[in-house]
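Residue numbers (our numbering), protein chains in the order written: chain A, 1 to 133; chain B, 134 to 266.
Here the structure is laid out as structure tokens; the discussion comes afterwards.
There are 2 protein chains.
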Amino acid sequence: MESLRPDMFDELCPSTLNPIRFAGDKWAPLVIRCLEDGPRRYSELRVPLHRVTPKVLTQSLRSLERDGFVRRTEYAVPVRRVVYELTPLGHSMLEPMRVACEWAADHWDELLDARELSLANPTDRYTRHHGNG
Amino acid sequence: MESLRPDMFDELCPSTLNPIRFAGDKWAPLVIRCLEDGPRRYSELRVPLHRVTPKVLTQSLRSLERDGFVRRTEYAVPVRRVVYELTPLGHSMLEPMRVACEWAADHWDELLDARELSLANPTDRYTRHHGNG
DNA sequence: AGAGGTGGTTACCGATCGGATACTCACTAC
DNA sequence: GTAGTGAGTATCCGATCGGTAACCACCTCT
Numbered sequence: 001m002e003s004l005r006p007d008m009f010d011e012l013c014p015s016t017l018n019p020i021r022f023a024g025d026k027w028a029p030l031v032i033r034c035l036e037d038g039p040r041r042y043s044e045l046r047v048p049l050h051r052v053t054p055k056v057l058t059q060s061l062r063s064l065e066r067d068g069f070v071r072r073t074e075y076a077v078p079v080r081r082v083v084y085e086l087t088p089l090g091h092s093m094l095e096p097m098r099v100a101c102e103w104a105a106d107h108w109d110e111l112l113d114a115r116e117l118s119l120a121n122p123t124d125r126y127t128r129h130h131g132n133g
Numbered sequence: 134m135e136s137l138r139p140d141m142f143d144e145l146c147p148s149t150l151n152p153i154r155f156a157g158d159k160w161a162p163l164v165i166r167c168l169e170d171g172p173r174r175y176s177e178l179r180v181p182l183h184r185v186t187p188k189v190l191t192q193s194l195r196s197l198e199r200d201g202f203v204r205r206t207e208y209a210v211p212v213r214r215v216v217y218e219l220t221p222l223g224h225s226m227l228e229p230m231r232v233a234c235e236w237a238a239d240h241w242d243e244l245l246d247a248r249e250l251s252l253a254n255p256t257d258r259y260t261r262h263h264g265n266g
């Protein structure tokens with residue numbers, strides 16, 4: 001299993017633009033993708049998710065744990081070590097996520113074009129009554 | 134094309150529990166499903182979405198329009214009539230939404246069980262140090 | 001002229017979300 | 001006994017979200 005690259009998510013569009021969201025909060029889908037290939041330590045997750053503060057990452061992990069997508073295991077020896085891994089339920093999310101990613105790959109540009117277009121021509125819908133019509 | 138029933142969404146779980154979210158805001162996926170079978174008027178949408186206030190519904194529709202999922206068409210005669218319909222891009226969302234709904238149908242109970250279980254046994258993770266051990 | 005319908009808008013409000021910054025506790029290695 | 005590491009917490013803050021309540025412009029029908 002390869003280690004997670006720091007630029008794993010650098011190419012992604014900001015998630016506020018994301019038209020499809022899974023499992024709770026903003027970062028949860030990215031966390032799930034990090035765990036796709038096997039268990040990871042907290043500090044490992046922080047590498048690709050370097051823009052997420054520890055508080056927020058913990059929140060996200062706790063929420064995923066509560067929902068049964070992720071299992072948290074703590075080892076105390078020889079040094080403190082906490083690993084997170086997908087449960088079967090978590091794995092089952094990968095399929096719909098894959099479909100959604102495929103959708104995004106196919107249609108992302110259309111969406112962005114629509115946004116730019118609507119920014120360029122704001123619909124001036126209810127200002128008609130200012131005229132003398 | 135059948136008219137939309139008022140109880141169309143009554144059986145749905147509150148959307149805060151929804152592990153999969155599409156296209157922007159809270160109500161957007163429901164709006165898309167309302168438009169699945171063809172164009173609908175604003176007042177038609179308000180029937181199944183009777184728990185959504187006009188402000189919020191309008192916001193949702195505007196956002197879907199900006200993103201190119203929905204087309205808004207206004208007719209002034211003989212009475213004011215505004216219809217909303219899915220664009221091809223909007224239609225293309227139905228497929229990933231279907232997959233996500235299938236996922237939910239198959240795994241919803243697991244998720245709810247996990248939640249109840251974690252509510253019943255809150256993980257008392259960092260209170261160990263209160264003891265004498 | 002007034003009632004009613006259609007498709008909204010505006011102002012306000014509380015809750016939640018995500019982020020910034022700083023701090024902590026347990027443990028190990030030196 | 002001090003420094004470092006791993007895995008977080010604590011506190012504060014601003015922005016956004018969703019909701020309530022009230023209002024509005026336009027049209028048609030009677």
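Ideal Cβ placement from N, Cα and C applies to all residues, glycine included.
Would you tell me roughly how many angstroms separate the C-alpha atoms of A/D113 and B/S225, rounded to the nearest one?
In a straight line, the C-alpha of A/D113 is about 16 Å away from that of B/S225.
Which value, in whole angstroms, describes the spacing of the CA atoms of A/L35 and A/R41?
C-alpha separation (whole angstroms): 10 Å.
Measure the alpha-carbon distance for B/R213 versus A/D109 and round it to whole angstroms.
About 34 Å.
Let's see if you can read the secondary structure: which residues bound the alpha helix (DSSP H) around B/T220?
Counting along the chain, B/T220 falls outside any alpha helix (DSSP H), and DSSP gives it neither H nor E.
Listing by chain order, which chain B residues have their CB less than 9 Å from the CB of A/H91?
Neighbours of A/H91 on chain B: none; closest Cβ ~11 Å, over 9 Å.
Do B/P172 and B/Y208 have their CB atoms nearer than 9 Å?
No.
Look at the alpha carbon of B/R179 and the alpha carbon of B/S193, and state the distance between them as a whole number of angstroms.
Whole-angstrom Cα-Cα distance: 12 Å.
Please classify B/T191: does DSSP put it in a helix, a strand, or coil?
B/T191: helix per DSSP, three-state reduction.
Applying the criterion that 16 or more other CB atoms from any shown protein chain within 10 Å of the CB defines a buried residue, is A/L30 buried or exposed?
A/L30 is buried by the Cβ-count criterion.
Quick check on the DSSP output: what are the complete alpha helix (DSSP H) runs of length 4 or more inside the stretch 34-80 of chain A, in order along the chain?
Counting only runs of 4 or more, we get 42-45 and 54-66.
Would you say B/P229 and B/F155 are within 9 Å of each other, going by their C-beta atoms?
Closer than 9 Å, so yes.
Specify the secondary structure class of A/R21 as computed by DSSP and reduced to three states.
DSSP places A/R21 in strand when its eight states are reduced to three.
Taking a contact to mean a Cβ-Cβ separation below 9 Å, would you say B/L161 touches B/F202 in this structure?
According to the sequence shown, residue 161 of chain B is Ala rather than Leu. A contact, by the Cβ cut-off of 9 Å.
Could you tell me the alpha carbon to alpha carbon distance between A/R115 and A/V52, rounded to whole angstroms?
Near 27 Å, if we compare the C-alpha coordinates of A/V52 and A/R115.
Does A/W103 get closer than 9 Å to chain B when you measure Cβ to Cβ?
Yes, A/W103 lies at the interface with chain B (some Cβ there is under 9 Å from its Cβ).
Here's the rule I'm using: 16 or more other beta-carbon atoms within 10 Å means buried, otherwise exposed. How should B/P181 be labelled?
By the 10 Å Cβ count, B/P181 comes out buried.
How should B/L219 be labelled, buried or exposed, when 16 other C-beta atoms within 10 angstroms of its C-beta is the threshold for buried?
Burial call: buried.
Quick one: is A/P96 near chain B, going by C-beta distance under 9 Å?
Yes, A/P96 lies at the interface with chain B (some Cβ there is under 9 Å from its Cβ).
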